[in-house]
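Peer 1: Below you'll find the structure I mean.
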Amino acid sequence: MEFPGEAAGARDASTSPGSPRGTQDQQEDTPRAGQRAARATPHGGTDESSGNPTPLTVVTAALADAFLTAERWAAKELTALGYVVLGVERAAVRHAVTAALEAYPRPPVDAPRQLAAVLALAPGLVRLHRIRSARKPITVLVRRVTAVRARPETASPLLVDTLPELARALDLTVGRLLWLADTRAWNRRSAPSSPLHHYRHEWITRPGRAPRLLEKPMDMLRRTQRTILDELLTMLPVHDAAHGFVAGRSVVTGAAAHTGQQVVVTADLTTFFASVSAPTVYGVFRQAGFAEPLAHVLTGICTHRVPVHVLSAMPAGGSPEERHALRQALAGAHLPQGAPTSPALANTSLRHLDARLSGWAGAVDAVYTRYADDLTFSGGDRLAARPDAFLRGVDRIVQEQGHRLNPAKTRVRRQGVRQSVTGVVVNERTSPGRREVDRLHAILHNAAVHGPASQNRAGHPEFRAHLLGRIGWVEQVNPGRARRLREEFARIVW
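Numbering (my numbering), first residue to last: 57 to 550.
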């Protein structure tokens, strides 16, 4: 899996304490980098190289590792370490030291690959390496391996320094951890019958719309993801506007914010989970305090590339543009719809989008909430006067954050018509709409007849708890109808 720490141009970039001025987290996926945490040695340890000519990326990786062992982040110390790695290569070391000190205000102790990537872009070093390759190549003589450290951003027991420690925390061997992470995407082209696949896939057809793909993790991966959710992701902050998949919040709390408003505007994000890419997820783990190698592995565990044979079996439905966009999103590393970690990671990764949309709504004295992929805005005269212009701004912000709106599901509802937010009527007070209750009854009946998996079309990781929550919501306003729903629920075989 090859991805940067944050996509170029992202507005919500994640940076480490030692990030270069004006840059974002970058990550290169190389075998040497992937092994760094597992074979890290105390500062000052060495790994002898053969002295053969090496590519620039290997040269800069060796220099980055050496620089991060420096007692002081200063030119004299970095130059001396550069000579240890390359020999007396004055020009090459000078270019590398200058690039490092210009880019970083302080040493990026948890980001050796980011530092190596910055050095590999230094114009003087690039030019010198190209010229020298034809006659006397620059070679790595000694490799000093740096031990990267986590930053204590959370109290999670998973926030450790090395790959073996992370494997122990997840009750796995290092080999199994790397196999589950599959950071090189080997399984993407495995045969359909291969026992190495980590996911089961199920296409859900939708009349007139692009199909939806459920990606259900196998037992070992699911247990690992559940541990990551319980011992890390639940500790990460989400925006106050997020009401889906957040403890203590629900469709009711989200809808209650829009009760009795003059106008209610609703919109929908397309391919919600698939649009959250690996670079964004990597940024979440970096912000949580993980050093590069561990953030890379955790990203692999929590994202998925859909195998080629599954994409080729996509059923009919949707426009050519929708199908192409869905196929592209699923082919890349993304949050799988069906993994227990995906809702929490989506909420955390969308904090910046939520903040921008909340600010955009506040500019016209409106209120904003989000339940998963459902966006809702409500307000008075200022929003009611120009809802179309307001929605154009919403669309612009959403696109800048890497997502897209579904125009077919955008609605503007004024007073005098039924105002509904995620199935909750909010004209005067929150109450479940009759259509919503009928739909819930149908889901429960079909789940009892055909099994709960057949009705979990949204890929809720805790579908049983989700249904009980919806029944409890009906119970608040219609105990008699809720009693019949509970009887139907009792017939489901879990």
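Ideal Cβ positions, reconstructed from N, Cα and C, are used throughout, including at glycine. Since we're looking at a predicted model, the values are computed, not measured.
Which residue marks the beginning of the alpha helix (DSSP H) containing W551, and which one marks its end?
Peer 2: Because the chain spans 57 through 550 in this model, residue 551 falls outside it and cannot be assessed.
Peer 1: By the 10 Å Cβ neighbour count, where 16 or more other Cβ atoms means buried, how is A131 classified, buried or exposed?
Peer 2: Under this definition A131 is an exposed residue.
Peer 1: Quick check: what's the CA-CA separation for N534 versus G356?
Peer 2: Straight-line Cα distance between these residues: approximately 45 Å.
Peer 1: Alpha carbons only, please: which of V364, R513, A117 is nearest the one belonging to S246?
Peer 2: Looking at the Cα atoms, V364 is the closest of the given residues.
Peer 1: My understanding is that Y255 touches H360, with C-beta atoms under 8 Å, so please give their C-beta distance in whole angstroms.
Peer 2: With 8 Å as the limit, Y255 and H360 qualify as a contact, their Cβ atoms being about 6 Å apart.
Peer 1: Spell out the partners DSSP gives T432 in its beta bridges.
Peer 2: Bridge partners of T432: T322, T425.
Peer 1: Using a threshold of 7 Å, state whether the C-beta atoms of T116 and L184 are closer than that.
Peer 2: No, Cβ-Cβ distance for T116 and L184 is not below 7 Å.
Peer 1: Kindly confirm or deny that the segment 213 to 228 and the segment 137 to 148 touch, where touching means at least three C-beta pairs closer than 8 Å.
Peer 2: Too few Cβ pairs lie closer than 8 Å, so no.
Peer 1: Identify every residue that forms a DSSP beta bridge with A298.
Peer 2: BP columns for A298 point to R426.
Peer 1: Suppose contacts are defined by Cβ-Cβ distances below 7 Å. Is N512 in contact with T326 by that definition?
Peer 2: Contact: no.
Peer 1: Tell me the start and end of each unbroken alpha helix (DSSP H) in the segment 136 to 199 that is at least 4 residues and wholly inside, in chain order.
Peer 2: Complete alpha helix (DSSP H) runs here, min 4: 146 to 159, 168 to 175, 179 to 189.
Peer 1: So D437 packs on Q318, CB below 8 Å; how close in whole Å?
Peer 2: At roughly 7 Å, the Cβ-Cβ gap stays under 8 Å, so D437 and Q318 are in contact.
Peer 1: Run through DSSP, which three-state label would V549 get?
Peer 2: DSSP places V549 in coil when its eight states are reduced to three.
Peer 1: Could you have a look at R265 and say whether DSSP puts it in helix, strand or coil?
Peer 2: Strand, per DSSP.
Peer 1: What's the call for D238, buried or exposed, on a 16-neighbour Cβ count within 10 Å?
Peer 2: Looking at its Cβ environment, which holds 16 or more other Cβ atoms inside 10 Å, D238 is buried.
Peer 1: How do the segment 230 to 237 and the segment 156 to 169 stand: do at least 3 beta-carbon pairs fall below 8 Å, yes or no?
Peer 2: With the cut-off at 8 Å, the segment 230 to 237 and the segment 156 to 169 do not touch.
Peer 1: Ignore the nearest five residues each way along the sequence and tell me which others in T277's own chain have a CB closer than 6 Å to its CB.
Peer 2: Looking at the sequence shown, residue 277 is not Thr but Leu. Excluding residues within five positions, the ones whose Cβ falls inside 6 Å are L236, H254.
Peer 1: What distance in whole Å lies between the Cβ atoms of W129 and R162, which are believed to be in contact at a cut-off of 8 Å?
Peer 2: Contact flag correct, Cβ pair sits at about 6 Å.
Peer 1: Is it the case that the segment 254 to 270 contacts the segment 339 to 347, given that we only count it when at least three CB pairs across the two stretches are under 8 Å?
Peer 2: Contact between the segment 339 to 347 and the segment 254 to 270 is absent, because fewer than three Cβ pairs lie under 8 Å.
Peer 1: Could you check whether H390 and A464 sit closer than 7 Å to each other, using their CB atoms as the reference points?
Peer 2: No. Outside cutoff.
Peer 1: Ignore the nearest five residues each way along the sequence and tell me which others in V454's own chain have a CB closer than 6 Å to its CB.
Peer 2: Closer than 6 Å at Cβ, skipping near neighbours: L461.
Peer 1: Just mark I551 as buried or exposed, buried being the case when its beta carbon has 16 or more other beta carbons within 10 Å.
Peer 2: Residue 551 cannot be examined here, being either before or after the span of the chain that is shown, 57 to 550.
Peer 1: Taking 8 Å as the cut-off, does the segment 280 to 300 touch the segment 396 to 404 (at least 3 CB pairs, one atom from each stretch)?
Peer 2: Taking 8 Å as the limit for Cβ pairs, the verdict is that the segment 280 to 300 does touch the segment 396 to 404.
Peer 1: Looking only at C-alpha atoms, which of L112, E287, P349 sits nearest to D227?
Peer 2: Closest by alpha carbon: E287.
Peer 1: Do G435 and D421 have their beta-carbon atoms positioned less than 7 Å apart in this structure?
Peer 2: Result yes, Cβ atoms of D421 and G435 sit closer than 7 Å.
Peer 1: How should A369 be labelled, buried or exposed, when 16 other C-beta atoms within 10 angstroms of its C-beta is the threshold for buried?
Peer 2: Exposed is the call here.
Peer 1: If you drop the 5 nearest sequence neighbours on each side, which residues of the same chain put their C-beta closer than 6 Å to that of R469?
Peer 2: Hits under 6 Å: V320, Q475.
Peer 1: For T290, count neighbouring Cβ atoms within 10 angstroms of its own Cβ and tell me buried if that reaches 16, exposed if not.
Peer 2: Exposed.
Peer 1: For L269, is the classification buried or exposed, using 16 other Cβ atoms within 10 angstroms of its Cβ as the cut-off for buried?
Peer 2: It is buried - the Cβ of L269 has at least 16 other Cβ atoms within 10 Å.
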